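Asker: The opening residue of the sequence shown carries number 6 in the working numbering; numbering runs sequentially from there. A virtual CB, placed ideally from N, CA and C, is assigned to each residue, including glycine. If you're wondering where the values come from, they're calculated on a predicted model, not measured in any experiment.
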Amino acid sequence: MLNYWVSFNSKRPIFFPNTQATATVYLETDRTLNARKIDIRVSGIAKTYWNEYYTYFDCNNQARTDTIPYGAEVVYINAYGILWSSQDGTNRLPSGKYQFPFKFDIPLNAPPCIGGGYEYGSVTYRVRTNIDIPWAIDEERFCSFAVYPLVDLNLNPQLAQTAFTIGTEVESNCCSCSSKPCSVEVSIPKSGYIPGETIQLNIKIVNRTSWKITKIEYGIVENLLFTGYTSSAWGGTGAMVKSSSNEVTSKQVEIHSPLNETMAYILIVPSLPPSSSDCPIVSLTYSLFVRVITDAVFSSGPTVSFPLTIGSVAIRNPAAS
6 MLNYWVSFNS KRPIFFPNTQ ATATVYLETD RTLNARKIDI RVSGIAKTYW NEYYTYFDCN
66 NQARTDTIPY GAEVVYINAY GILWSSQDGT NRLPSGKYQF PFKFDIPLNA PPCIGGGYEY
126 GSVTYRVRTN IDIPWAIDEE RFCSFAVYPL VDLNLNPQLA QTAFTIGTEV ESNCCSCSSK
186 PCSVEVSIPK SGYIPGETIQ LNIKIVNRTS WKITKIEYGI VENLLFTGYT SSAWGGTGAM
246 VKSSSNEVTS KQVEIHSPLN ETMAYILIVP SLPPSSSDCP IVSLTYSLFV RVITDAVFSS
306 GPTVSFPLTI GSVAIRNPAA S
């Protein structure tokens, strides 16, 4: 029987840049193992990757499609170490219980982790430990960890100021050549938050259309930008940026009566990595949106959004709203 795993010494494998992480490789075996060495590799890599497709006609007027790969890579951590090696040439590790502690540094410029489930790229951190077994398949174990930069929202005074926006959707009446607006005004007391904080939204809707307002939806969207590069006969050497937006939290409120006054709603910021634009190929920002939903068939109500900054140190003295 072989039990073999990696465990970090902290309760949660989340680290700040410019700190040191400590972990231990545990190995338990009830038999002698054939092994040359046990090593460790720590990696932190930002990657972008996607393909662009270009269709053209050849000299025979046949349609052809070329695939142009785009991508980039920035390595933030690449640490390697040997935890144990056979010293006598026998390639034998006696049965027993073993612990191999190790440590590594998180660089100051390490961006927040962005999982591999995105279409155009990722920022991942992981530990790989391997038992090098002669003439057989090696035993590998992996353990992921997260890096969250320390973003102090107090360093940007503008984040403590009230944020306000307004949006309008117009109902056109072809018969009378007139138009009637439906507008939404939204304000929040500040635009910088940390996970767990409550956002108070003050929403006012002025509806002069014939539409009936049925719901209000509001939430937070994460916005990712991925930069990739290519060198090809088609496009030469160049860069391209892809974007991806995903709702990370949202709420819907049903409206049963006309809104003639400002109403207050709340939204709790979920656990999110902080905003980051330091990585040259992957950036992460957030925005708050409010969407007015109506019973109109061929139109929708107004939607507004404005930027949010997610940090790790809360604003101490937000400006009065």
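Please report the distance separating the alpha-carbon of ASP143 from that of TYR54.
Answerer: Those two C-alpha atoms are separated by around 29 Å.
Asker: Kindly indicate which three-state DSSP category PRO162 falls into: helix, strand or coil?
Answerer: helix
Asker: Roughly how far, in whole angstroms, is the beta-carbon of VAL132 from the beta-carbon of CYS118, given that I think they are within contact range, below 8 Å?
Answerer: Wrong, their Cβ atoms sit about 13 Å apart, outside the cutoff.
Asker: Three or more beta-carbon pairs under 8 Å between the stretch 20-31 and the stretch 50-69, yes or no?
Answerer: no
Asker: Please determine, among GLY233, ASN114, CYS187 and SER248, the residue with the shortest C-alpha to C-alpha distance to VAL309.
Answerer: Considering only alpha carbons, the answer is CYS187.
Asker: Looking at C-beta atoms only, is the number of pairs between the stretch 275-289 and the stretch 31-43 that lie closer than 8 Å three or more?
Answerer: With a cut-off of 8 Å on Cβ pairs, the stretch 275-289 is not in contact with the stretch 31-43, counting fewer than three such pairs.
Asker: Please report the Cβ distance between ILE320 and LEU158, rounded to the nearest whole angstrom; I am assuming they are in contact, meaning their Cβ atoms lie under 8 Å.
Answerer: 5 Å
Asker: Using only alpha-carbon positions, find the residue among LEU230, VAL258 and VAL156 that is nearest to ASN251.
Answerer: Restricting attention to LEU230, VAL258 and VAL156, the CA atom closest to the CA of ASN251 is found in LEU230.
Asker: Check this for me: beta carbons of ILE199 and ILE315, under 9 Å apart or not?
Answerer: yes
Asker: Could you say if the stretch 204-221 and the stretch 287-302 meet the contact criterion of at least three C-beta pairs nearer than 8 Å?
Answerer: yes
Asker: Please state the DSSP three-state secondary structure of CYS284.
Answerer: coil
Asker: If VAL253 and GLY126 are in contact, beta carbons under 8 Å, what's the gap, nearest whole angstrom?
Answerer: Taking 8 Å as the upper bound for CB-CB distance, VAL253 and GLY126 are not in contact here, some 18 Å apart.
Asker: Buried or exposed: ALA115, going by 16 or more other Cβ atoms within 10 Å of its Cβ?
Answerer: The residue is buried, with at least 16 neighbouring Cβ atoms inside 10 Å.
Asker: So what does DSSP say about TYR125, is it helix, strand or coil?
Answerer: DSSP places TYR125 in coil when its eight states are reduced to three.
Asker: Which residues does DSSP pair with THR173 in a beta bridge?
Answerer: Beta-bridge pairing by DSSP links THR173 to SER188.
Asker: From PHE109 to ILE82, what does the alpha carbon distance come to, in whole angstroms?
Answerer: Looking at the two C-alpha atoms, the distance is approximately 9 Å.
Asker: Which same chain residues end up closer than 6 Å to TYR61 when comparing Cβ atoms and leaving out the 5 residues on each side of it in sequence?
Answerer: ARG69
Asker: Indicate whether ILE19 and PHE150 have their beta-carbon atoms separated by less than 9 Å.
Answerer: yes
Asker: Express the C-alpha separation of TYR59 and VAL246 in angstroms, rounding to a whole number.
Answerer: 17 Å
Asker: So, for ASN135: in the same chain, excluding its five sequence neighbours on each side, which residues have a beta-carbon less than 6 Å away from its beta-carbon?
Answerer: Excluding positions up to five away in sequence, the list reads ASP44, ASP143 and GLU145.
Asker: In whole angstroms, what is the alpha-carbon distance linking VAL47 and TYR130?
Answerer: 8 Å
Asker: With a threshold of 16 other CB atoms inside 10 Å of the CB of SER281, please say whether the residue is buried or exposed.
Answerer: Buried is the call here.
Asker: Identify the continuous beta strand (DSSP E) that holds ARG46 and give its terminal residues.
Answerer: 42-62
Asker: Can you tell me whether CYS148 is helix, strand or coil according to DSSP?
Answerer: strand
Asker: Using C-beta distances below 8 Å, list every residue in its chain close to LYS256, excluding the 5 sequence neighbours before and after it, in chain order.
Answerer: GLU222, TYR223, GLY224, TYR270 and LEU272
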